[in-house]
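A.B. asks:
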């Protein structure tokens, strides 16, 4: 496997990176950002939507700050997993990403912006040619979606990153910077339901960091991940359940988010609010789990069949909620 | 001349003229009195082995680090991709984009015009057929007329660098006419307008059946009438790939003298040597196959491969070395992994807990080429005629071509899937009979030195000890059916050939199976020439150990030259677990030749009779007076006086074996290995995830020449087998595309999934094995699959019949059981065992058989024992000669054809030559 040739740019500051991006945009040249490279470069080797220019963020020092309420986009996943200052669930979710070697290279920003995955898509160029391409990488052919044929309106490739659910539940805000402006939004609003668009990043924009609200330490909970092997494998389903405990031991606030099931992570506020409304312990957890199961719609494009993944969402939700029932 | 003990004949003792400093002791009778030789013999112990007299205590039986280990750990070992020749070109292959198509035209003009491209070759450059088995040569270097699977070879290019070669591949334009592809193996049984291959007059109807087998032995009619319990299952096994570390990589170079050297990580250099000669149309003596270090083979590097031909063709065209390296995806295209299979397994047991019948119907998916499939089709049946004594054996097997990458030989070749089905069936029979599954097995074992129902001659059998050892080590009696819900323990056994009895290219009486040459010059080091292929299993080491043992030398004085067909004797390479048995035997025989010369020289020097001399640590001395002797070098130099370097040759061939029915040769082996594993698992009842906690693995390898390597093979086999049972699966999409040709989605277990393995070596001391040894490379894989399946049953009461048991499949079965019993998953109870009266009967029989087996194992000339004695027949005569109800049949009768099983339905077709219409 060889990557197609591209020009690599290595800016040494955020300003330089953004001005490079602006220049390339102005001259109508496509480019990708590369952070740890563990997602982008394998895709390049497969000739998946490779661009002629790549801007590396490795030399940009501003993006690596890490504290309880500030997580820089270039923080390495393993550093996050080992960190004693971040919320323990963020560290836990990070420790469950891929393998230690990938975590030492992969970054927070890269994980949040992970490209969506699909077994019709994550294949070599020759392989994809043998199925006459697909919607997500059609090589100019206007090819159909191979998962759900005859619907070229939306790509259903699956978002399989581990960090988003916990960060969404903790109320994270994501901060973006581009050649012309910087902006911020709740992480829950960052993702856009389509396997190709994926998120709110405009051309030339990048994620600089995430911030967490001051009440972050008051949240407890768990992240549960479904996968075949305890290393490497992307989440076939992932569920984060976080809550704040009220004075009587029942939750005073409750949030649930999922990953690995659709083209974007799911933030299940309606289901959480419903469960919280008439909280009655175990049966509420059961209802919540069932509601989350119903809320997700996986398709057949990852290792496990979607029917199984959906059933497991219920089990994972219950397991992630088990702390709620400990009094 | 004899009084002067200081005098040494043969050369003049002048200072400075000695070739080496005068070594060793000349000995003197003054030092000790002669000892009684009979006492010495009795100390060695009775019974014994024909090689006992050769034991010097130098090398064999010690845990020994592999002699090429340092090359590997220091990064100096050269694998296929490490070979760099000056001026090399990079070759890439143009592959089919269709499952099945006629190639109408290939336009290479744009590719040739690309700067940096030196040559492009297509099927027109080499039309010769090849294939690993002489009876089924159905492969070409590149497509002749059709492509038969996505990834099949169409053309190849050679360019100055990889990027250019890849670009050139993109520029080759191929015009196809798509043909209707066959993806489902069941469809392969039917007539087709365009069968994937045409075998001329031997073609079976108009179907895609490549090979079919029918076998009936024993009391076929009685098996269901005598049965009190039966097990019936229909298995579906996914295809598996070897997953070796090193993707295929080959370098071809035509040197200035006009000879071709092919550098390739091959398990069988000889087969590729032959195939190259066929395809390139040059004599074999013009080719040197150089086996590089092999980064794992497991059967996946034992076929001659089309890309090896392509490299040679491109090199011939360009006059420069050509290197072709595979991506992992290409490894999956060439495959030769475990056959996807549908196996119906029916076992029957009678009121005395005897196995009165095994009925197997195995349909195996061969993919696009024959490969070893002829053999695989037999092995799926005949390799479960032991270790149990059975009343009847009914086997129907068929291998079909489909438009998938070809299946082939993979560790445990042909035996793994059906063995899993048999052992799970045994577990079910025990459950139905309310007896312990280990007790059921112990009461039904063939004794040592017996013949199976199909007439395989089985020599040593350590099965009983394997079962007893794992039962004890695992704490079986305290755990089986007694562990908490979700936890389970299970047993599985295995039986495998120790070397295939028949060489595939010649009659066994024509050439030997293995030949080893030795050469010793003045320095005393021993150079061993062998074609046994070191593929990481320790083949070089075991041969060095064998030679070192016989000659009484330390291992570092043995140098193995096993790389090149120019220097190594013809050898069948590393497959069918043959190397230790066959090559070590040949090496021992070669070393015995040298040993004799050394003893004679020592006899001349010491004046002791040859038969009184023994070899010790670099010394040859009188057995009855160890002080009388000469050093190894002294004897060596004496022996060299007249002829210079000592050379000798040793060979191994199998003894005549087996019966005479069609197919009788498939599965015969000079010895067989046995194994029994116990696995303990935890099943997550809500998710269906299976975690294997610990495995106790007993394997009878006859004699562990290198216990370290044997344990490594046991642990490695467990890993590989766990992959197949838990997660490894070549997955095909709804339209026949292999969706996981990469190691992220082809899920080989990682270190996290590996349980603790407790390897237990059982030594049954095989009478014909080298120092008593048998194989340990493949057999150890077999029991782990059923042991895990049976443990899952113990844990959650579900009987799987589909591999791998991925969580979604287990979960589905748990759900089904919950629905059936109307309970929630966490309320499911695991199975219980309350012994029936039969338990006592089995225990008594097992105990009786234990003494019978011990007596037979130590008897130097045991009487004949044929399968059937357990059913009351005279053991010395095959049962079919005593009772007409015991049949031997290899063609189906019209009765069977009225309602054939799935694979058996392959017999509804008539071979074209018998149809009278060709």
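Chains as they are written, first to last, in the numbering used here: chain A, 315 to 641; chain B, 13 to 930.
Here a beta-carbon is modelled for each residue, glycine too, at the ideal position from N, C-alpha and C.
Given the structure is predicted, the values throughout are model-derived calculations rather than measurements.
#1: Could you pull out every residue in the same chain whose Cβ sits closer than 6 Å to the Cβ of residue 438(A), ignoring the five residues on either side in sequence?
#2: Would you mind stating whether residue 815(B) and residue 729(B) have Cβ atoms separated by less than 8 Å?
#3: Excluding five sequence neighbours on each side, which residues of the same chain lie with their C-beta closer than 8 Å to the C-beta of residue 457(A)?
#4: Could you check whether residue 487(A) and residue 507(A) sit closer than 8 Å to each other, using their CB atoms as the reference points?
#5: Have a look at the DSSP bridge pairing and note the partners of residue 530(B).
#6: Does DSSP put residue 37(B) in a helix, a strand or coil?
#7: State the DSSP-derived secondary structure class of residue 548(A), mapped to helix, strand or coil.
#8: Could you give the DSSP three-state label for residue 156(B): helix, strand or coil?
#9: Since residue 617(A) meets chain B, which of its residues come closer than 7 Å, beta carbon to beta carbon?
#10: Check whether the stretch 223-243 of chain B and the stretch 785-799 of chain B are in contact - that is, three or more C-beta pairs closer than 8 Å.
#11: Please list the segments of the beta strand (DSSP E) lying wholly inside the stretch 550-616 of chain B, counting only runs of 3 or more residues, in order along the chain.
#12: Could you check if residue 499(A) is buried or exposed, using at least 16 other CB atoms within 10 Å of its CB as the buried criterion?
#13: Rounded to the nearest angstrom, what separates residue 33(B) and residue 681(B) at their Cα positions?
#14: List, from N- to C-terminal side, the alpha helix (DSSP H) runs of 4 residues or more that fit wholly inside the stretch 571-604 of chain A.
#15: Can you tell me which of 72(B), 60(B) and 62(B) puts its alpha carbon nearest to the alpha carbon of residue 592(B)?
#16: Among 443(A), 573(A), 591(A) and 584(A), which one has its Cα closest to the Cα of residue 626(A)?
#17: Can you check whether the C-beta of residue 419(A) is within less than 8 Å of a C-beta belonging to chain B?
#18: If you measure from the beta carbon of residue 345(A) to each beta carbon in chain B, is any gap under 8 Å?
#19: Count the other CB atoms, across all protein chains shown, that sit within 10 Å of the CB of residue 143(B); report buried if there are 16 or more and exposed otherwise.
#20: Determine the burial state of residue 344(A): buried for a count of at least 16 other Cβ atoms within 10 Å of its Cβ, exposed for fewer.
#21: Helix, strand or coil: how does DSSP classify residue 487(A) here?
#22: Would you grab the beta carbon distance between residue 442(A) and residue 451(A) for me? Rounded to a whole angstrom, and I think it's under 8 Å.
#23: List the endpoints of the continuous alpha helix (DSSP H) containing residue 423(A).
#24: To the nearest angstrom, how far is it from the Cα of residue 589(A) to the Cα of residue 250(B)?
#25: Using a Cβ-Cβ distance cut-off of 8 Å, determine whether residue 624(A) contacts chain B.
#26: Between the alpha carbons of residue 320(A) and residue 366(A), how many angstroms are there, rounded?
#27: Please identify the residue among 310(B), 325(B) and 89(B) whose C-alpha is closest to the C-alpha of residue 140(B).
#28: Taking C-alpha atoms, which residue in 319(B), 384(B) and 372(B) lies nearest to residue 228(B)?
#29: Of all the residues that make up the stretch 438-457 of chain A, which are near chain B by a beta-carbon distance shorter than 8 Å?
#30: So, at 6 Å on beta carbons, what are the nonlocal neighbours of residue 432(B) in its own chain, with the 5 sequence-adjacent residues on each side left out?
#31: Compute the Euclidean distance between the alpha carbons of residue 286(B) and residue 295(B), then round it to the nearest angstrom.
#32: Nearest CA to the CA of residue 453(B): which residue from 194(B), 438(B), 466(B) and 856(B)?
#33: Using DSSP with H/G/I as helix, E/B as strand and the rest coil, what is residue 631(B)?
#34: Can you pull the chain A neighbours of residue 706(B), defined as C-beta to C-beta under 8 Å?
#35: Go through its chain and collect everything with a Cβ distance to residue 399(B)'s Cβ below 7 Å, but skip five positions before and after it.
#36: Closer than 9 Å, Cβ to any Cβ of chain A: which residues of the stretch 88-120 of chain B, in chain order?
C.D. replies: Answer, in terms of the structure:
#1: Counting from one through the first chain, the residue named residue 438(A) turns up at place 124. If we look at residue 438(A) and ignore the five residues flanking it on each side, its Cβ neighbours are 360.
#2: The residue labelled residue 815(B) in the question sits at position 803 within the second chain. The residue labelled residue 729(B) in the question sits at position 717 within the second chain. Taking 8 Å as the Cβ cut-off, residue 815(B) and residue 729(B) do not qualify as a contacting pair.
#3: For the purposes of this step, residue 457(A) is taken as residue 143 along the first chain, with counting starting at 1. Closer than 8 Å at Cβ, skipping near neighbours: 446, 447, 448 and 449.
#4: Here the question's residue 507(A) lines up with position 193 in the first chain. Here the question's residue 487(A) lines up with position 173 in the first chain. The criterion of a C-beta distance shorter than 8 Å is not satisfied by residue 507(A) and residue 487(A).
#5: Residue mapping note: residue 530(B) aligns to position 518 of the second chain, counting from 1. Beta-bridge pairing links residue 530(B) to 540(B) and 660(B).
#6: To locate residue 37(B), count along the second chain from 1; it is residue 25. Residue placement at residue 37(B) cannot be trusted, given a pLDDT of 37 that sits under 50; what the coordinates show is reported in the next sentence. Here residue 37(B) sits in coil by DSSP.
#7: For the purposes of this step, residue 548(A) is identified with residue 234 of the first chain, where counting begins at 1. Residue 548(A) falls in the coil class under three-state DSSP.
#8: Taking the first residue of the second chain as position 1, residue 156(B) is located at position 144. Collapsing the DSSP output to three states places residue 156(B) in coil.
#9: Your numbering for residue 617(A) matches position 303 in the first chain. Chain B residues near residue 617(A): 757.
#10: By the Cβ rule, the stretch 223-243 of chain B does not count as touching the stretch 785-799 of chain B, because fewer than three pairs are nearer than 8 Å.
#11: 570-573, all fully within the stretch 550-616 of chain B.
#12: Residue 499(A) sits at position 185 when you count from the first residue of the first chain. Its Cβ having fewer than 16 others within 10 Å, residue 499(A) is exposed.
#13: Translated into positions along the second chain, residue 33(B) becomes position 21. Translated into positions along the second chain, residue 681(B) becomes position 669. Bear in mind that a pLDDT of 38 at residue 33(B), under 50, signals an unreliable position, so the model cannot answer this.
#14: The stretch 571-604 of chain A contains these whole alpha helix (DSSP H) runs: 583-591.
#15: In the second chain, the residue the question calls residue 592(B) occupies position 580. Measuring from the Cα of residue 592(B), the nearest candidate turns out to be 72(B).
#16: The sequence position of residue 626(A) within the first chain is 312, counting from 1. It is 573(A) whose Cα lies nearest to the Cα of residue 626(A).
#17: As a first step, residue 419(A) must be located in the first chain, where it is residue number 105. At a cut-off of 8 Å between C-beta atoms, residue 419(A) does not count as an interface residue with respect to chain B.
#18: Locating residue 345(A) in the first chain gives position 31, where the first residue counts as 1. Chain B contact via Cβ: absent.
#19: Sequence index remark: in the second chain, residue 143(B) carries index 131 (1-based). Around the beta carbon of residue 143(B), a 10 Å sphere encloses 16 or more other beta carbons of the protein chains shown; the residue is thus reported as buried.
#20: Here residue 344(A) is taken as the residue at index 30 of the first chain, counted from 1. Residue burial annotation: residue 344(A) is exposed, with fewer than 16 other C-beta atoms found within 10 angstroms of its C-beta.
#21: Here residue 487(A) corresponds to residue number 173 of the first chain, with the count starting at 1. DSSP places residue 487(A) in strand when its eight states are reduced to three.
#22: Locating residue 442(A) in the first chain gives position 128, where the first residue counts as 1. Locating residue 451(A) in the first chain gives position 137, where the first residue counts as 1. Going by Cβ atoms, the distance from residue 442(A) to residue 451(A) rounds to 7 Å, so yes, they are a contact pair.
#23: Here residue 423(A) refers to the residue found at position 109 when the first chain is read from its first residue. Where residue 423(A) is concerned, the enclosing alpha helix (DSSP H) stretches over 422-426.
#24: Residue mapping note: residue 589(A) aligns to position 275 of the first chain, counting from 1. Residue mapping note: residue 250(B) aligns to position 238 of the second chain, counting from 1. Distance between the alpha carbons of residue 589(A) and residue 250(B) is about 43 Å.
#25: The sequence position of residue 624(A) within the first chain is 310, counting from 1. Under the Cβ distance rule, residue 624(A) does not count among the residues neighbouring chain B, no pair being separated by less than 8 Å.
#26: Taking the first chain and counting its residues from 1, the one referred to as residue 320(A) is at position 6. Taking the first chain and counting its residues from 1, the one referred to as residue 366(A) is at position 52. So the alpha carbons of these two residues sit roughly 5 Å apart.
#27: Translated into the one-based positions of the second chain, residue 140(B) becomes position 128. For residue 140(B), the closest alpha carbon among the candidates 310(B), 325(B) and 89(B) is that of 325(B).
#28: Residue mapping note: residue 228(B) aligns to position 216 of the second chain, counting from 1. Of 319(B), 384(B) and 372(B), the residue nearest in Cα terms is 372(B).
#29: Of all residues in the stretch 438-457 of chain A, 438, 440, 441, 443, 444 and 445 have a Cβ within less than 8 Å of some Cβ in chain B.
#30: Residue numbering aside, residue 432(B) sits at position 420 when the second chain is read from its first letter. Answer for residue 432(B): 797 and 798, listed in chain order.
#31: On the second chain, position 274 is the one that residue 286(B) refers to. On the second chain, position 283 is the one that residue 295(B) refers to. C-alpha separation (whole angstroms): 9 Å.
#32: The sequence position of residue 453(B) within the second chain is 441, counting from 1. Closest option to residue 453(B), Cα to Cα, is 438(B).
#33: Position 619 of the second chain, counting from 1, holds the residue named residue 631(B). Strand, per DSSP.
#34: What you label residue 706(B) is simply residue 694 of the second chain in a count that begins at 1. Under the 8 Å cutoff, chain A gives no residues; its nearest Cβ is about 17 Å from residue 706(B).
#35: Here residue 399(B) is taken as the residue at index 387 of the second chain, counted from 1. In the same chain as residue 399(B), and ignoring 5 residues on each side of it, the C-beta atoms closer than 7 Å to its own belong to 457, 458, 473, 475, 505, 507 and 686, in chain order.
#36: So the list reads 107, 108, 109, 110 and 111, given in the order they occur along the chain.
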